[in-house]
Amino acid sequence: MHVVVVESPAKAKTINKYLGPEFKVLASYGHIRDLPSKDGSVRPDEDFAMDWEIDARSAKQVKEIADAMKGADGLYLATDPDREGEAIAWHVREVLDKKKLLKDKTVKRVVFNEITKTAILEAFSHPRELDDELVDAYMARRALDYLVGFTLSPVLWRKLPGSRSAGRVQSVALRLLCERETEIEAFRPQEYWSVDSQFDTGKGILVQAHLTHLNGDKLDKMSLKTEADAKRAQAAIESGPFSVAKIEKKKTRRNPPPPFTTSTLQQDAARKLHFSAKKTMQVAQRLYEGVNIGGETVGLITYMRTDGVTMAGEAMHACRALISKSYGEAYLPDQPRVYKTKAKNAQEAHEAIRPTDVTRKPKDMSGHLDADQMKLYDLIWKRTLACQMEPVVLDQVAVDIAQAEHTVVMRATGSMIAFDGFYRVYSEARDDDVVTDDNDSEDGRILPDMTEGQALKLNEVLPEQHFTQPPPRFSEASLVKKLEELGIGRPSTYASIISVLQDRNYVTLDKRRFFPEDRGRLVTTFLTSFFERYVEYGFTADLEEKLDDISGGRIAWKTVLEEFWRNFSAAVEGIKELRVREVLDTLDEVLAPHFFPAPENENDADPRKCPTCGDGRLSLKLGKFGAFIGCSHYPECRFTRPLVSPGNGDGDPAIAELESGPKVLGTDPATNLEVSLRKGPYGVYVQLGDIDPEDKKFKPKRSSLPTGESPAELTFERALGLLSLPRKIGPHPEDQQMISAGMGRFGPYLQYAGMYVSLKEDDPVHVGLNRAVTLIAESGKSPPLEVGKHPDDKKPILLKVGRWGPFITHGRDRANLPKDLDKDNLTLEKAIELINAKAKPKKAPKKAAEKKPAAKKPAAKKPAAKKTAAKKKPAAKKKAASEEATS
């Protein structure tokens, strides 16, 4: 018998069916070890020695794998085919080796790009050794992230109270967002004009053209700066007859885009489906791990963390066969289209994201997938098929319409699709993050037939005013695209980068655009002012290339760490001596245009002038809870102003609107009660109905918005979904106990058998039974076990496993199990002994409380004067004791 280790239980179950009884497939539930979250887990002075620990969540899985290895012939490490997967495999091997369970046993690494029977059996017939270079690259990345976090964050906390922490890659992404916001604030719109004209070609057919040459000079976008310029151009156009001077016709081809990589999938899903990067990866993971089709779990797409655009030969041939059969030979190129990856690291250039079987059309999968899975699978299927189709052919026409002397020239353009090619199944998403000219898109405009020299009648002149636009704020799609262009991060990290920035409240996502919060801008300004090298785009990209060089065997991982740490530690030491006042002065100067924008009119008040005392100067200050704006005459003048609005979602305009009252979203059809969006002291929430002064027992149902969910994008249907929580998902297949999903004070959760499992990525409104069972298994938590009844009250004593290990409970009493006592060997007698030792005294206080009233009854009949005297004595004693303590 051979043991096979994979990451997830869903994958383990599927692969076990393919391999048969000679293999036992177990799940590691992701990483089994990590660096402890404390200083000293990576020690540069000891040749970058690293400490690893198995957390409580993974202990159960490690024991299960270790027990299975005791009678096994060998070990297959079948984790994901990327650096993280290689690292997980390495951790498993190291732990088992330390337990001396691998002696005389074969250890092999198996990788596959899709979870299908053919791919699995093929992979197991060609195992390999662990790739030490990929593991080294993981070690270097993990050490770098740890050293930056645990070295830089304490400096940030001391010099900039109220800040969270600084990450190696997240800080660079935050800088991108903050610098874009600074560009937008500094932007001053400029006026310009365009002039279009309509010409009659005869028989009432009109053609629209825009001005390109005036007085013989070619115009650019900003040539006509004022209305007067436009009027002069209009007069010149109206002064003379026009005819067709030149006609240009050409055919252009638009080639299909390559199949999806991780970043292009995230971008397209954001634009077309409005999925966040995190949600895209979450849904793709489920499609990769598989769904039940005809009683068999089948993976529907290939591995979704990749920067490669290559496709397997059989996949290309399957696409071509389907294209020929479904769309005809006209849509099929003579040869398969082969795409090449631009990734420098060949070991990470895996196959592109594609369906495992392209003959599984989206319409055939509708009964097996939920709404989100269906949308993403449809997108992947169409892009994959399109990449093997013929190009789109466009007939483009450009007509120059000029006066006799060519002093004024106007151009009419148009295009039409001569052959739809890959557009038959897929059209690329419009990139709404690029500011374009008004006249640069003529797709779909068809021009009538004209001949050179043909006279045209001027019908109308249309001058139009425009203003230049600031650069757009980043969306998730454009941020991922920019990070990829700069070489910052890797495919598997984009979703986590964005999530961390939102979780730390450094940025807000509103109407699918990122708005940096003031606390985020403070952190960015601090880092760019005092650690500029380490948040430079080029430096971070160069470091990523060095990590790729490590995985390619071109450089030693400790060499990279030594070079980085030598310079980085020196920079941190230099900043430690910097006074907070110097930091504040720098931040105040750099961020002055943001916090104290210059007045538009000379007569407006100085934005630095204190509105309370009139003489003080406002500036940036730091307090216990972070930065704020304060007066220079403190403490005489105590004027302060927060940098951001208090409450959940600081600075979010959608939340600011709720300050004036709730926003009604609609009426619940089931109860006929209003559904509203509201803001409370603990954040934004949705509410069903309202408080009824006549019915005090009625309490409106409420539900908080999940973290990172923008109030501006909340729909009525989504609000009803949140108000339906908690909801019953279904019975657990093992014991038939009900699994429920809900929203709590710490976010969304699953409830099962008296325990709670946090939902980090899944939506409590839509999470299904299969996914819920998987998440419960992956949590490592076990349902409470009843040890027996306590003899005093016959209430059960329950055995539970928490963050710090196993413990037992009896009512409100709780006792941890001693380290030398295994929970499997716990007896009822020992449990009773532990509970009694920890039990809180409940009866004694009650007896004391019963005696007090009896003692006071005689005293109540005494004269009032005696009562007063009796009360004064204790008061005097208390006062004396207080004075003694103070002295």
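Note that my numbering has the sequence shown beginning at 640, numbered continuously upward. Ideal placement from N, C-alpha and C gives every residue a C-beta, glycine not left out.
Residue i, DSSP secondary structure in three states
i       : result
Leu1398 : coil
Glu1221 : helix
Tyr1391 : strand
His1233 : helix
His620  : Because the chain spans 640 through 1526 in this model, residue 620 falls outside it and cannot be assessed.
Thr1132 : helix
Pro740  : It should be noted that the sequence gives Leu, not Pro, for residue 740. Three-state result, Leu740: coil.
Lys1477 : helix
Thr980  : coil
Ala957  : helix
Asn1409 : helix
Glu1115 : helix
Ile844  : coil
Tyr1273 : coil
Ile671  : coil
Lys1439 : strand
Distance between residue j and residue i (C-alpha atoms, nearest Å)
i       : j       : result
Lys709  : Glu1067 : 54 Å
Val808  : Pro972  : 42 Å
Asn655  : Ala649  : 10 Å
Gly659  : Ser667  : 20 Å
Arg1384 : Ser1343 : 8 Å
Phe881  : His1105 : 26 Å
Thr1507 : Ala1478 : Because the pLDDT at Thr1507 is just 42, under 50, the model does not fix this residue reliably, and the value given afterwards should be weighed accordingly. One C-alpha to the other measures close to 41 Å.
Gly1290 : Thr900  : Any answer about Gly1290 is weak, because its pLDDT of 46 lies below 50 and its placement is not dependable; what the coordinates show is given next. Computed Cα separation, rounded: 34 Å.
Tyr1388 : Ala1411 : 10 Å
Ile1368 : Arg696  : 24 Å
Leu1230 : Phe1154 : 16 Å
Thr1163 : Arg814  : 6 Å
Leu1467 : Leu1460 : 13 Å
Tyr1391 : Leu1424 : 13 Å
Asp770  : Gly1322 : 48 Å
Ser1131 : Asp1329 : 45 Å
Lys798  : Ser902  : 36 Å
Val642  : Ile932  : 27 Å
Arg892  : Asp1034 : 9 Å
For residue i, the first and last residue of its enclosing alpha helix (DSSP H)
i       : result
Asp706  : 695-708
Ser1208 : 1196-1215
Trp691  : It is not in any alpha helix (DSSP H) - Trp691 carries neither H nor E in the DSSP assignment.
Met595  : Outside the shown range of the chain (640 to 1526) lies residue 595, about which nothing can therefore be said.
Pro648  : 648-658
Thr1164 : 1157-1169
Residue i versus the options, residue with shortest Cα-Cα distance
i       : options                           : result
Lys663  : Val681, Asp712, Thr1147, Ile962   : Asp712
Glu1184 : Leu716, Gln700, Ala776            : Ala776
Ala779  : Thr1163, Glu1201, Asp996, Val1146 : Glu1201
Met640  : Val1396, Lys744, Lys870, Lys885   : Lys744
Asp1452 : Lys1439, Ala651, Arg1152, Asn1464 : Lys1439
Phe1113 : Cys817, Leu1125, Lys857           : Cys817
Leu791  : Gly1427, Pro1301, Val1211         : Val1211
Gly1213 : Arg672, Gly1191, Val794           : Val794
Ser1208 : Val787, Asp771, Ala1231, Thr1107  : Val787
Val883  : Ser902, Leu1095, Lys1215          : Leu1095
Glu1044 : Ser1138, Val731, Ile876           : Ile876
Phe914  : Gly1407, Glu1400, Leu1414         : Glu1400
Unbroken beta strand (DSSP E) run spanning residue i, endpoints
i       : result
Ala1094 : 1094-1106
Pro1445 : 1444-1449
Pro683  : Careful: Pro683 lies outside any beta strand (DSSP E) and carries neither H nor E.
Gln837  : 830-839
Phe1058 : 1047-1058
Ala666  : 662-666
Gly1305 : 1302-1306
Contact check, residue i vs residue j, beta carbons under 9 Å
i       : j       : result
Arg1050 : His849  : yes
Ser1349 : Asp1149 : yes
Thr941  : Arg993  : yes
Ala991  : Thr1046 : no
Pro828  : Pro1109 : yes
Leu613  : Thr995  : The requested residue 613 is not part of the displayed model; the chain covers only 640 to 1526.
Gln837  : Glu1156 : no
Leu674  : Leu1182 : no
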